[in-house]
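In our numbering, the protein residues as written are 9 to 196. C-beta atoms are modelled at their ideal positions from N, C-alpha and C, and glycine is treated no differently.
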């Protein structure tokens, strides 16, 4: 009888341990950590060559499978956020909306036609990447991995699995090799 109770107790403890909540925090050590890699080119959907906002806007982010079926890497400047539709886009760092961000190929974008909405569904994503919690990151480059799909009835990025900031990097420099970056001004 005691061995049966011990077995039940061990099983219950095992279930409790397996239900542990895991937070997405790609900039720390752990299972969800992602290596911060500075892309060397643009346009392939990989971490070393992420898709651009222009490609997302044109819907040219496919590798022969359904556009939203596979996660890809994307890159852009964080330029604002929006409320309920792209018509309500706000292009500054003083937003109260933490559920999404807008990224663009242009650090000084002020047109919803030049940007893509990114869904920050979870509280952990919001704390790491929304302008509400990170106003100092306004107009900085964000590299992210997620699924291409419709968001606010526009081409957007959802289901973010990894992301990281690239401070002081200009997307213009990604067309050149890192050795040439010292010759160009890096910044926004």
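Non-local beta-carbon contacts of residue 101 in its own chain, meaning distances under 7 Å to residues more than five positions away in sequence, involve 139, 143, 146 in chain order.
A direct Cα-to-Cα measurement between residue 62 and residue 171 gives close to 19 Å.
Restricting attention to beta strand (DSSP E) runs no shorter than 3 residues, the segment 77 to 104 encloses them at 80 to 88, ordered along the chain. For residue 135, no beta strand (DSSP E) segment is defined; the enclosing uninterrupted segment is the alpha helix (DSSP H) at 131 to 137. Counting only the Cα atoms, residue 45 lies some 16 Å from residue 169.
Under DSSP, residue 153 forms a beta bridge with 81, 170. Counted as a single uninterrupted DSSP element, the stretch harbouring residue 124 is not any alpha helix (DSSP H) but the beta strand (DSSP E) occupying residues 123 to 127. In the DSSP assignment, residue 110 falls within the beta strand (DSSP E) that extends over 108 to 112. Residues 105 of the same chain have their beta carbon placed closer than 6 Å to that of residue 91, with the five preceding and five following residues left out of the count. In the three-state DSSP reduction, residue 66 falls in the helix class (H, G or I). Here residue 85 is actually not in contact with residue 134; their C-beta atoms are around 19 Å apart, not less than 8 Å. Ranked by Cα distance from residue 179, the first of 43, 124, 53, 58 is 58.
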